[in-house]
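Participant: Numbering (the working numbering), first residue to last: 73 to 646. All residues carry an ideal CB built from backbone N, CA and C; glycine is no exception. Quantities reported herein were computed from a predicted structural model and do not represent experimental measurements.
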DNA sequence: GCCGTTTTCGGCCCGACTGTTTTCAGTCG
């Protein structure tokens, strides 16, 4: 069982316990275990009980339940809970405005266990017979049922950022003196975002009318004097929170999250005799305000360093902030070049000269032109002859753009058996080789691992491109033993790519951290297929930051000569 | 069910908004 499946079972147990009305803290234990397992870098099914207990939030009982799941594929406890309710009851929990208490009441009073039952009962006006449910709630439930298909789904980070920027500029135009800041998962740079959170500082409640009046607002979920929620076209939910200036930092800290990070921070506050909320940090006994204007002030008062938003995921950042060992994270300004892009020679939209000129305008010191190889026929991939001719054209441009070095490269397919798509002597004559998997993505774990390990043995491979081949919200990562790939990359001196395509961001934050912790060099590359796409390095950088990556971990922070020296092909250990 | 710089027992983050209420429970983030 993979981590995702195990996490799903744990989350379902939490849902079922909630409907049963069990102890809230027990529920939280299952819920937080599900979250930590879902993002744990190594397969937890392969860990023994003792190793499992080193994972924060997993104790004796949960370790035993995970072992059971790993060994037998089922959890008796889960099965037992499922037997108490029709499993379809869990679908009801997903409806906006319907929580565990309502689900339990619906089932115990009207025996409602499916969305269809619920819709029928609501239409017939039978729900309002239940204590605590009136006509409005009934209508709200019907609406939630209609909207449920649209509500599902998260959005890519880049799209969320664009929508948020649009919202902010709209609000700003109506309230020039108010400060608006996107917070939440967007500020943390999560690869996908479920909603948009914006903090407004220093305005009055008329802002809320402006907010719900945005032309893209389809539904107002709630509107108060300091907080409003709306549903936007494109099924985005957006929340606006208004706080006074003196609470700016507290509100940013609170609404940036993550939830797991905040729970730990607040726990720390409590232990030190404070109370922390979105308005500030207060002494518990006297309510005297200790901090709140700045985030830095809050963390400082709690005896820790300010934590970069990207690190706030409860992945060791609290301990590091207390110990003063937080990493200095990479920034876009640290990057000197871009090592993965395409031109019209294969499937790019813009030609070689246009791409080079654009890279020059961006201030890059070097770029690698890496068109596809012949196996990707659909993309007009290059064979050996065309690849070398293309390389000659690329090199001929050196000197044309002041300060820009062009490296003649290729993105060479890794064939299903692990051979590379182009002959060794061709690869040897290029300056730079990215090797990538593009096809036969459904190979089993063993086959895929063997395939990639074999490719990494080729001495001319400098970088492994988008290592897990995932497409966010569309396609799962390939099945592969990533720790083995990372070990092989380390052994052979191959760098791993963080691909900046919005739907790739591959390596992911968690996997980038894994590679970085094992001392494997990374590159951050756009994989641009057009001039416009050259600008998206920031998304890969943000993913890297979430992976605790420092400038020294990334090869394209180096100048061109130092970069060349670090490439595998120029290393003596080849 | 987890966890420990006060604890191996007794805690466990906190507030806004809504709807159905005459003082609060449920949901959400």
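Enumerate in chain order the residues of its own chain whose CB-to-CB distance from residue 540 is below 8 Å, with the five nearest sequence positions on each side excluded.
Facilitator: Start at 1 with the first residue of the first chain, and residue 540 comes out as number 468. The residues are 549, 550, 552, 554, 578, 579, 580, 583.
Participant: On the CB-based measure, 16 or more other CB atoms within 10 Å of its CB, does residue 387 come out buried or exposed?
Facilitator: Taking the first residue of the first chain as position 1, residue 387 is located at position 315. It counts as buried.
Participant: Relative to the C-alpha of residue 203, which residue among 487, 193, 177, 220 is closest?
Facilitator: Locating residue 203 in the first chain gives position 131, counting from the first residue. Looking at the Cα atoms, 177 is the closest of the given residues.
Participant: Tell me where the beta strand (DSSP E) around residue 294 begins and ends.
Facilitator: On the first chain, residue 294 is found 222 positions in, with the first residue counted as 1. Residues 289-295.
Participant: According to DSSP, simplified to helix, strand and coil, what is residue 610?
Facilitator: Numbered from 1 along the first chain, position 538 holds the residue referred to as residue 610. Looking at residue 610 - three-state DSSP - the assignment turns out to be helix.
Participant: Residue 274 and residue 317 look like a contact to me (Cβ under 8 Å); what is the Cβ gap, rounded to whole Å?
Facilitator: Here the question's residue 274 lines up with position 202 in the first chain. Here the question's residue 317 lines up with position 245 in the first chain. Right, their Cβ atoms sit about 5 Å apart.
Participant: Where in the region 292-375 do unbroken runs of the beta strand (DSSP E), each at least 3 residues long, occur, reported from the N-terminal end onward?
Facilitator: 299-304, 308-315, 346-349, 352-355, 361-363
Participant: Going by the CB atoms, is the gap between residue 411 and residue 440 shorter than 7 Å?
Facilitator: To locate residue 440, count along the first chain from 1; it is residue 368. To locate residue 411, count along the first chain from 1; it is residue 339. Their beta carbons are under 7 Å apart, which means residue 440 touches residue 411 by this criterion.
Participant: If I follow the unbroken alpha helix (DSSP H) through residue 283, where does it start and stop?
Facilitator: What you label residue 283 is simply residue 211 of the first chain in a count that begins at 1. Taken as a continuous stretch (DSSP letters only), the alpha helix (DSSP H) holding residue 283 covers 278-284.
Participant: From residue 585 to residue 209, what does the alpha carbon distance come to, in whole angstroms?
Facilitator: Against the first chain, residue 585 aligns to sequence position 513. Against the first chain, residue 209 aligns to sequence position 137. Computed Cα separation, rounded: 46 Å.
Participant: By Cβ distance below 8 Å, which residues in the same chain neighbour residue 447 in space, the five residues on each side in sequence not counted?
Facilitator: Residue mapping note: residue 447 aligns to position 375 of the first chain, counting from 1. Around residue 447: 453, 485, 487, 493, 510, 511.
Participant: Could you have a look at residue 520 and say whether DSSP puts it in helix, strand or coil?
Facilitator: The sequence position of residue 520 within the first chain is 448, counting from 1. DSSP, reduced to helix, strand and coil, places residue 520 within a helical segment of the structure shown.
Participant: Identify the continuous beta strand (DSSP E) that holds residue 444 and give its terminal residues.
Facilitator: Here residue 444 is taken as the residue at index 372 of the first chain, counted from 1. Its beta strand (DSSP E) spans residues 438-444.
Participant: Alpha carbon to alpha carbon, how far is residue 110 from residue 435? Give it in angstroms, no decimals.
Facilitator: The residue you call residue 435 lines up with position 363 of the first chain. The residue you call residue 110 lines up with position 38 of the first chain. Going from the Cα of residue 435 to the Cα of residue 110 covers about 39 Å.
Participant: Taking the continuous alpha helix (DSSP H) assigned at residue 240, which residues delimit it?
Facilitator: Numbered from its first residue, the first chain carries residue 240 at position 168. It spans 229-246 - the alpha helix (DSSP H) in which residue 240 sits, taken as one unbroken run.
Participant: Name the one or two DSSP bridge partners that residue 264 has.
Facilitator: If you number the first chain from 1, residue 264 lands on position 192. DSSP links residue 264 through a beta bridge to 228.
Participant: For residue 481, which three-state DSSP category applies?
Facilitator: Translated into positions along the first chain, residue 481 becomes position 409. In this structure, residue 481 counts as strand in the three-state DSSP scheme.
Participant: Could you tell me which whole alpha helix (DSSP H) segments of length 4 or greater appear in the region 176-230?
Facilitator: 187-195, 207-223
Participant: Throw me the rounded Cβ distance for the residue 475 and residue 506 pair, which I believe falls under 8 Å.
Facilitator: Position 403 of the first chain, counted from the start, is the residue given in the question as residue 475. Position 434 of the first chain, counted from the start, is the residue given in the question as residue 506. The pair is not a contact, with the Cβ atoms about 23 Å apart (cut-off 8 Å).
Participant: Let me make sure I understand the geometry here. Which of 404, 413, 371 has the alpha-carbon closest to that of residue 395?
Facilitator: The sequence position of residue 395 within the first chain is 323, counting from 1. Answer by Cα proximity: 371.
Participant: Excluding the 5 residues flanking residue 392 on each side, which residues of the same chain have their C-beta closer than 7 Å to its C-beta?
Facilitator: As a first step, residue 392 is located in the first chain; it is residue number 320 there, counting from the start. Taken in chain order, the residues that qualify are 398.
Participant: Alpha carbon to alpha carbon, what distance is there between residue 430 and residue 400?
Facilitator: As a first step, residue 400 is located in the first chain; it is residue number 328 there, counting from the start. As a first step, residue 430 is located in the first chain; it is residue number 358 there, counting from the start. Roughly 30 Å between the two C-alpha positions.
Participant: What three-state label does DSSP hand residue 119 in the structure shown?
Facilitator: Along the first chain, one-based indexing puts residue 119 at 47. The answer is coil: DSSP assigns residue 119 none of H, G, I, E or B.
Participant: Would you call the CB atoms of residue 632 and residue 438 closer than 7 Å?
Facilitator: Residue numbering aside, residue 632 sits at position 560 when the first chain is read from its first letter. Residue numbering aside, residue 438 sits at position 366 when the first chain is read from its first letter. Taking 7 Å as the Cβ cut-off, residue 632 and residue 438 qualify as a contacting pair.
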